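Chemist: Numbering of the sequence shown is given in my numbering, commencing with residue 274 and proceeding in unit increments.
Here a beta-carbon is modelled for each residue, glycine too, at the ideal position from N, C-alpha and C.
The model shown is predicted, which means the values in this text are computed figures rather than measured ones.
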Amino acid sequence: MIDHVQKYIDEVENGNILVCEKIQMAIDRHKKDIERSKRDDFPYYYEPKYTQNIVKFISMLPDPKSGKPNKLALFQKFILGMLWGWRRKKDNTKRFRKAYLSLARKQGKSLIVSGIALYCLIYERNPRQARQIYATANKRDQAKIVFTMVKSQLKALRGKSKAIQKFTKVLQNELTTTDDSFMKPLSADADTLDGLDTLLGIFDEYALSKTTEMMDVIETSMGQQIEPLTIIISTASSKLNYPMYS
Numbered sequence: 274m275i276d277h278v279q280k281y282i283d284e285v286e287n288g289n290i291l292v293c294e295k296i297q298m299a300i301d302r303h304k305k306d307i308e309r310s311k312r313d314d315f316p317y318y319y320e321p322k323y324t325q326n327i328v329k330f331i332s333m334l335p336d337p338k339s340g341k342p343n344k345l346a347l348f349q350k351f352i353l354g355m356l357w358g359w360r361r362k363k364d365n366t367k368r369f370r371k372a373y374l375s376l377a378r379k380q381g382k383s384l385i386v387s388g389i390a391l392y393c394l395i396y397e398r399n400p401r402q403a404r405q406i407y408a409t410a411n412k413r414d415q416a417k418i419v420f421t422m423v424k425s426q427l428k429a430l431r432g433k434s435k436a437i438q439k440f441t442k443v444l445q446n447e448l449t450t451t452d453d454s455f456m457k458p459l460s461a462d463a464d465t466l467d468g469l470d471t472l473l474g475i476f477d478e479y480a481l482s483k484t485t486e487m488m489d490v491i492e493t494s495m496g497q498q499i500e501p502l503t504i505i506i507s508t509a510s511s512k513l514n515y516p517m518y519s
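#1: CB-CB under 6 Å to I385, same chain, minus the five flanking residues each way: which ones, in chain order?
#2: Once the 5 residues before and after E284 are set aside, which same chain residues still bring their CB inside 7 Å of it?
#3: Please name the residue in G496, V443, G432 whose C-alpha comes closest to that of S339.
#4: Thinking C-alpha only, which one of N411, L448, F440 is nearest K424?
#5: To which residues does DSSP link F351 through a beta bridge?
#6: Taking Cβ to Cβ, would you say Q405 is nearer than 8 Å to D470?
#7: Would you mind reading off the limits of the alpha helix (DSSP H) that contains R431?
#8: Find the nearest neighbour of N365 within the set K322, Y407, I389, N343, judged by alpha-carbon distance.
#9: Can you give me the Cβ contacts of L473 inside the same chain, cut-off strictly under 6 Å, excluding the 5 residues immediately before and after it?
#10: Going by C-alpha distance, which of W359, M298, L353 is nearest F315?
#11: Please list, in chain order, all residues of the same chain as D452 whose beta carbon is under 6 Å from its beta carbon, the five residues on each side excluded.
#12: Express the C-alpha separation of I504 and M495 in angstroms, rounding to a whole number.
#13: The alpha helix (DSSP H) that contains I499, what's its start and end?
#14: What does the alpha-carbon distance come out to for the pair S434 and N446?
#15: Could you tell me which residues DSSP puts in a beta bridge with I406?
#16: Do L345 and I327 come within 8 Å of each other at the CB atom, strictly closer than that value?
#17: Taking the alpha-carbon positions, what's the L288 to L444 distance?
#18: Does the distance from the C-beta atom of I475 to that of A377 stay below 8 Å?
#19: Using a Cβ-Cβ cut-off of 8 Å (strictly less than) and excluding sequence neighbours within five positions of M274, which residues of its own chain qualify?
#20: Is it the case that the Cβ atoms of A408 and D477 are separated by a distance below 8 Å?
#21: Leaving aside the five residues before and after F351 along the sequence, list all residues of the same chain whose C-beta is less than 7 Å from its C-beta, in chain order.
#22: When burial is assigned at 16 or more other CB atoms within 10 Å of the CB, is E500 buried or exposed?
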């Protein structure tokens, strides 16, 4: 079994990969918490076996253009390993409920976001049905960017798997499954934001958001979920007075 987090850390510590201060802080926290997890009073533990399925799934996703399997970079496996590998001792649910990913353009955002969304839509079992996934933004056009990425990826996957064809359906503004789960784009200018029960909320280019309105709506709607996850993904911005930098 591969420990994807440790493999990335080894490459960093061997000097083969250079990282920024915040990534180094995440590595340092991981190493310290591994030791702390040996104590009964520390509420979390790390188990690499929980990362294997999602890494394998995203690695076999066909590229929408070429049809060939995507190859995950070590840093992408590190992200997935941190999110899925750390668990709560009391119930084995995921430790982390919010992730902030800052990626430069053309650095694999489409793959990791699409992969996480599709994995939660198709394979997540907490809850076992009616999983609600939203690609969110203040404006609908922005929300549809992430949704369109996931939609393209699902179309490519359906072309490779008859089982996925039977289990999923692709509509213009919604991806659905036979267990009543779905993914939709959602924006602050929607007609209604009532009745949400969000499992996964993805915020694209959050640096451009002037208010926390959508974040507040989505996170409030996660109250009944056992393992909710909010993913904030954005490039850097000069708008330092916006919520992302507060």
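Modeler: Reading from the atomic positions:
#1: Reading the sequence shown from its first residue, position 112 is the one you call residue 385. Result list for I385: Q349, in chain order.
#2: Taking the first residue of the sequence shown as 1, we reach residue 284 at position 11. For E284, where only same-chain residues beyond five positions count, the Cβ hits under 7 Å are I290, L347.
#3: For the purposes of this step, residue 339 is taken as residue 66 along the sequence shown, with counting starting at 1. Measuring from the Cα of S339, the nearest candidate turns out to be G432.
#4: Residue numbering aside, residue 424 sits at position 151 when the sequence shown is read from its first letter. The candidate whose alpha carbon is nearest that of K424 is L448.
#5: As a first step, residue 351 must be located in the sequence shown, where it is residue number 78. Paired residues: none, contrary to the question.
#6: Against the sequence shown, residue 405 aligns to sequence position 132. Against the sequence shown, residue 470 aligns to sequence position 197. In this structure, D470 lies closer than 8 Å to Q405 by Cβ.
#7: Here residue 431 is taken as the residue at index 158 of the sequence shown, counted from 1. Here the alpha helix (DSSP H) through R431 covers 413 to 431.
#8: To locate residue 365, count along the sequence shown from 1; it is residue 92. Ranking K322, Y407, I389, N343 by Cα distance to N365 puts K322 first.
#9: As a working note, residue 473 is residue 200 in the sequence shown. Closer than 6 Å at the Cβ level, and outside the excluded window around L473, lie C393, I406, L502.
#10: Sequence index remark: in the sequence shown, residue 315 carries index 42 (1-based). Taking only the C-alpha atoms, the option nearest F315 is W359.
#11: Taking the first residue of the sequence shown as position 1, residue 452 is located at position 179. The answer, listed in chain order, is Q402.
#12: Here residue 495 is taken as the residue at index 222 of the sequence shown, counted from 1. Here residue 504 is taken as the residue at index 231 of the sequence shown, counted from 1. So the alpha carbons of these two residues sit roughly 13 Å apart.
#13: Position 226 of the sequence shown, counting from 1, holds the residue named residue 499. Neither: I499 is in no alpha helix (DSSP H) and is coded neither H nor E.
#14: Here the question's residue 434 lines up with position 161 in the sequence shown. Here the question's residue 446 lines up with position 173 in the sequence shown. Taking the straight line from one Cα to the other gives about 22 Å.
#15: The residue you call residue 406 lines up with position 133 of the sequence shown. BP columns for I406 point to M456, L473.
#16: Locating residue 327 in the sequence shown gives position 54, counting from the first residue. Locating residue 345 in the sequence shown gives position 72, counting from the first residue. Not a contact, by the Cβ cut-off of 8 Å.
#17: Mapped onto the sequence shown, residue 288 falls at position 15. Mapped onto the sequence shown, residue 444 falls at position 171. Here residue 288 turns out to be Gly, not Leu, going by the sequence shown. One C-alpha to the other measures close to 47 Å.
#18: Here the question's residue 475 lines up with position 202 in the sequence shown. Here the question's residue 377 lines up with position 104 in the sequence shown. No, these two residues do not count as a Cβ contact at 8 Å.
#19: Along the sequence shown, read from residue 1 onward, the residue named residue 274 stands at position 1. The answer, listed in chain order, is P321, K322, Q325.
#20: Locating residue 408 in the sequence shown gives position 135, counting from the first residue. Locating residue 477 in the sequence shown gives position 204, counting from the first residue. Yes.
#21: Taking the first residue of the sequence shown as 1, we reach residue 351 at position 78. Only H277, V278, Y281 meet the Cβ criterion.
#22: The residue you call residue 500 lines up with position 227 of the sequence shown. By the neighbour-count rule (16 or more Cβ atoms within 10 Å), E500 is buried.
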